[in-house]
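Trainee: In our numbering, the protein residues as written are 191 to 586.
One structure coming up, written as structure tokens, with questions to follow.
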Ligand SMILES: *Cc1c(COP(=O)(O)O)cnc(C)c1O
């Protein structure tokens with residue numbers, strides 16, 4: 191197997207990150223993946239593309255996002271806590287960084303339509319947002335079960351001009367929506383770009399989405415050095431669903447000595463509990479039963495409900511450059527409240543996993559006085575009603 195020479199550099203042939211990644215797709219999709227790989231390589235090296243991307247993320251998205259020092263939380267935990275504020279990006283999370291990059295790429299490839307998969311609806315809303323901004327057609331595949339649970343996000347996508355197509359196969363959730371989106375892409379590839387939502391799927395998606403999200407880590411590294419007198423933080427923490435906000439964050443720090451920690455939902459911990467397998471065009475760590483059937487991930491945070499993880503995270507875990515841990519629903523609810531009460535910030539339940547890990551590890555594996563950067567991938571307004579119900583149910 192090929193190894194990646196520099197951690198978080200380019201993947202090896204066929205998009206391999208060590209033993210993981212690759213391009214496990216039907217013959218009919220190989221040309222589409224190769225066309226996309228080529229188009230992204232050219233765009234990424236083209237100052238015109240990069241400048242337009244930067245300008246939109248600045249003037250429309252609100253970048254650069256600040257790094258906020260949490261004085262009261264730091265005092266409480268005995269560690270110096272810094273937050274990278276992706277909750278302040280337009281539409282409320284880091285997802286915009288990826289979808290604007292891909293929408294510009296679709297436009298550049300002459301494709302006037304995007305398809306996307308969505309679970310909780312957040313990536314669907316982000317894709318519909320980017321499509322509206324650039325005047326592209328947008329179709330979002332969503333499992334019927336998720337459509338029932340996330341009616342408000344379905345309405346948001348429709349307001350943004352997207353068509354939401356219900357998926358009735360399998361468990362009628364995210365993994366089935368990915369399959370349908372791939373099927374649509376095979377049939378319409380001349381006119382359509384598949385705007386995939388995380389660092390997963392066949393090559394070049396894991397690499398491309400990481401590069402589009404590395405703005406998070408690159409900005410944060412510079413901001414930390416300014417704040418810390420030229421030093422890097424001791425620990426860098428981010429939550430992991432598919433792994434895009436974590437990959438973007440880690441990319442900025444992979445060449446430092448910072449300890450990199452990805453935090454998964456206890457009910458969807460693919461790095462910790464998964465075994466290697468192939469799903470959605472990639473080889474990665476997946477939650478499977480003994481017969482190799484994919485298991486459903488379960489967590490209070492819909493954005494972390496994916497039974498796999500991006501292949502580069504599987505690789506970073508294998509080579510020991512990043513470590514992965516989990517947070518339970520109870521720890522996450524407590525961290526959500528602590529962040530609200532000490533800092534006046536309602537985090538999304540996804541990054542509340544990263545905060546929960548820090549709350550648990552401060553004074554244990556995170557020594558007192560350490561500087562810790564946490565990526566706050568999104569804002570918690572979307573989760574407030576759910577948190578109210580969970581607290582009323584006495585879960586925390
Ligand atoms: C979608 C989402 C995630 C999970 O996706 P990753 O690809 O793991 O980053 C995390 N946080 C927020 C706020 C999200 O919307």
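Note that CB positions come from ideal geometry on N, CA and C, so glycine has one too.
Name the residue from 355, 450, 456, 354 whose alpha carbon lies nearest to the alpha carbon of residue 495.
Mentor: Taking the chain shown and counting its residues from 1, the one referred to as residue 495 is at position 305. Closest option to residue 495, Cα to Cα, is 456.
Trainee: For residue 347 and residue 355, what's the separation of their Cα atoms in angstroms?
Mentor: Your numbering for residue 347 matches position 157 in the chain shown. Your numbering for residue 355 matches position 165 in the chain shown. Answer to the nearest angstrom: the Cα atoms are 11 Å apart.
Trainee: In three-state DSSP terms, what is residue 362?
Mentor: The count along the chain shown starts at 1 and reaches residue 362 at position 172. In the structure shown, residue 362 sits in coil (DSSP, three-state: anything other than H, G, I, E or B).
Trainee: Within 7 Å: the Cβ of residue 458 and any heavy atom of ligand 1?
Mentor: Position 268 of the chain shown, counting from 1, holds the residue named residue 458. The answer is no for residue 458.
Trainee: From residue 203 to residue 502, what does the alpha carbon distance come to, in whole angstroms?
Mentor: As a working note, residue 203 is residue 13 in the chain shown. As a working note, residue 502 is residue 312 in the chain shown. Cα to Cα, residue 203 sits roughly 14 Å from residue 502.
Trainee: Measure from the alpha carbon of residue 226 to the alpha carbon of each residue in 301, 260, 207, 254, then state which is nearest.
Mentor: As a position in the chain shown, residue 226 is number 36, starting the count at 1. For the residues 301, 260, 207, 254, the minimum Cα distance to residue 226 belongs to 301.
Trainee: My assumption, with CB atoms under 8 Å, is that residue 357 sits in contact with residue 332. Please give the rounded CB distance.
Mentor: Taking the chain shown and counting its residues from 1, the one referred to as residue 357 is at position 167. Taking the chain shown and counting its residues from 1, the one referred to as residue 332 is at position 142. The pair is a contact, with the Cβ atoms about 6 Å apart (cut-off 8 Å).
Trainee: Tell me whether the beta-carbon of residue 277 lies closer than 8 Å to the beta-carbon of residue 310.
Mentor: For the purposes of this step, residue 277 is identified with residue 87 of the chain shown, where counting begins at 1. For the purposes of this step, residue 310 is identified with residue 120 of the chain shown, where counting begins at 1. No, these two residues do not count as a Cβ contact at 8 Å.
Trainee: Can you check whether the CB of residue 439 is closer than 8 Å to the CB of residue 274?
Mentor: Your numbering for residue 274 matches position 84 in the chain shown. Your numbering for residue 439 matches position 249 in the chain shown. Contact flag set, yes.
Trainee: How about residue 259 and residue 387: are their beta carbons less than 8 Å apart?
Mentor: Here residue 259 is taken as the residue at index 69 of the chain shown, counted from 1. Here residue 387 is taken as the residue at index 197 of the chain shown, counted from 1. Cβ distance not < 8 Å, so residue 259 and residue 387 don't count as in contact.
Trainee: Need the endpoints of the beta strand (DSSP E) that residue 331 sits in, please.
Mentor: As a working mapping, residue 331 is identified with position 141 in the chain shown. Per DSSP, residue 331 belongs to the beta strand (DSSP E) from 327-333.
Trainee: Below 8 Å on the Cβ atoms is my guess for residue 381 versus residue 303; work out the distance and round it to an integer in Å.
Mentor: If you number the chain shown from 1, residue 381 lands on position 191. If you number the chain shown from 1, residue 303 lands on position 113. 5 Å between Cβ atoms; contact.
Trainee: DSSP three-state call for residue 468: helix, strand or coil?
Mentor: Along the chain shown, read from residue 1 onward, the residue named residue 468 stands at position 278. Residue 468 falls in the strand class under three-state DSSP.
Trainee: Would you mind stating whether residue 243 and residue 291 have Cβ atoms separated by less than 8 Å?
Mentor: Working through the chain shown from its first residue, we reach residue 243 at position 53. Working through the chain shown from its first residue, we reach residue 291 at position 101. Yes. Within cutoff.
Trainee: Go through its chain and collect everything with a Cβ distance to residue 392's Cβ below 8 Å, but skip five positions before and after it.
Mentor: Locating residue 392 in the chain shown gives position 202, where the first residue counts as 1. 205, 212, 213, 214, 215, 219, 223, 470, 471, 472, listed in sequence order.
Trainee: So, are the CB atoms of residue 429 and residue 524 less than 8 Å apart?
Mentor: Position 239 of the chain shown, counted from the first residue, corresponds to residue 429. Position 334 of the chain shown, counted from the first residue, corresponds to residue 524. The answer is no: Cβ separation not under 8 Å.
Trainee: Counting only the same chain and skipping the five closest in sequence on each side, list residues whose C-beta sits under 7 Å from that of residue 192.
Mentor: Here residue 192 corresponds to residue number 2 of the chain shown, with the count starting at 1. Only weak support exists for where residue 192 lies, its pLDDT of 48 falling under 50; the coordinates are left without a value.
Trainee: Identify the residues that DSSP records as bridge partners of residue 306: which are they?
Mentor: Translated into positions along the chain shown, residue 306 becomes position 116. In the DSSP output, where bridge partners are listed per residue, residue 306 has 330.
Trainee: Could you tell me whether the Cβ atoms of residue 245 and residue 289 are closer together than 8 Å?
Mentor: For the purposes of this step, residue 245 is identified with residue 55 of the chain shown, where counting begins at 1. For the purposes of this step, residue 289 is identified with residue 99 of the chain shown, where counting begins at 1. No.
Trainee: In three-state DSSP terms, what is residue 410?
Mentor: In the chain shown, the residue the question calls residue 410 occupies position 220. Helix, per DSSP.
Trainee: Does the beta carbon of residue 540 fall short of 7 Å from some heavy atom of ligand 1?
Mentor: Numbered from its first residue, the chain shown carries residue 540 at position 350. Indeed, a heavy atom of ligand 1 lies less than 7 Å from the Cβ.
Trainee: How far does the beta strand (DSSP E) with residue 517 in it extend, from its first residue to its last?
Mentor: Against the chain shown, residue 517 aligns to sequence position 327. Note, residue 517: beta strand (DSSP E), 512-517.
Trainee: Hey, how far is the Cα of residue 237 from the Cα of residue 384?
Mentor: By one-based count along the chain shown, residue 237 stands at place 47. By one-based count along the chain shown, residue 384 stands at place 194. The straight-line gap from Cα to Cα measures roughly 24 Å.
Trainee: Quick check on residue 239: does DSSP put it in helix, strand or coil?
Mentor: Counting from one through the chain shown, the residue named residue 239 turns up at place 49. Residue state, collapsed to three classes: helix.
Trainee: Hey, how far is the Cα of residue 488 from the Cα of residue 343?
Mentor: Within the chain shown, numbered from 1, the residue matching residue 488 stands at position 298. Within the chain shown, numbered from 1, the residue matching residue 343 stands at position 153. Residue 488 and residue 343: Cα-Cα distance of roughly 20 Å.
Trainee: Within this structure, are the beta carbons of residue 598 and residue 406 separated by less than 8 Å?
Mentor: Only positions 191 to 586 of the chain appear in the structure, and residue 598 is not among them; the question remains open.
Trainee: Quick one: what's got a C-beta closer than 6 Å to residue 507's C-beta in the same chain, skipping five residues either side?
Mentor: Mapped onto the chain shown, residue 507 falls at position 317. The answer, listed in chain order, is 461, 514.
Trainee: From residue 328 to residue 522, what distance separates their C-alpha atoms?
Mentor: For the purposes of this step, residue 328 is taken as the residue at position 138 of the chain shown. For the purposes of this step, residue 522 is taken as the residue at position 332 of the chain shown. Cα to Cα, residue 328 sits roughly 34 Å from residue 522.
Trainee: Confirm the yes/no value for this check: CB of residue 464, any heavy atom of ligand 1, distance under 7 Å.
Mentor: Walking along the chain shown from the start, residue 464 turns up at place 274. Residue 464 Cβ: outside cutoff for every heavy atom of ligand 1.
Trainee: With a cut-off of 8 Å on the beta carbons, I'd call residue 199 and residue 509 a contact; round off their distance for me.
Mentor: Within the chain shown, the letter at position 9 stands for residue 199. Within the chain shown, the letter at position 319 stands for residue 509. That pair is no contact at about 13 Å.
Trainee: Taking 7 Å as the line, does the beta carbon of residue 343 fall inside it for any heavy atom of ligand 1?
Mentor: Numbered from its first residue, the chain shown carries residue 343 at position 153. No.
Trainee: According to DSSP, simplified to helix, strand and coil, what is residue 563?
Mentor: Position 373 of the chain shown holds residue 563. Strand, per DSSP.
Trainee: Count the other CB atoms, across all protein chains shown, that sit within 10 Å of the CB of residue 434; report buried if there are 16 or more and exposed otherwise.
Mentor: Here residue 434 refers to the residue found at position 244 when the chain shown is read from its first residue. Classification for residue 434: buried.
Trainee: Answer with buried or exposed for residue 235, where buried requires no fewer than 16 other C-beta atoms within 10 angstroms of its C-beta.
Mentor: Here the question's residue 235 lines up with position 45 in the chain shown. Looking at its Cβ environment, which holds fewer than 16 other Cβ atoms inside 10 Å, residue 235 is exposed.
Trainee: Cutting at 6 Å between CB atoms, please list the residues of its own chain near residue 518, excluding the five before and the five after it.
Mentor: Within the chain shown, residue 518 is the residue found at index 328, counting from 1. For residue 518, where only same-chain residues beyond five positions count, the Cβ hits under 6 Å are 456.
Trainee: Could you give the C-beta distance for residue 562 and residue 271, rounded to a whole number, given that I count them as a contact under 8 Å?
Mentor: Sequence index remark: in the chain shown, residue 562 carries index 372 (1-based). Sequence index remark: in the chain shown, residue 271 carries index 81 (1-based). Sure, about 6 Å apart at Cβ, within 8 Å.
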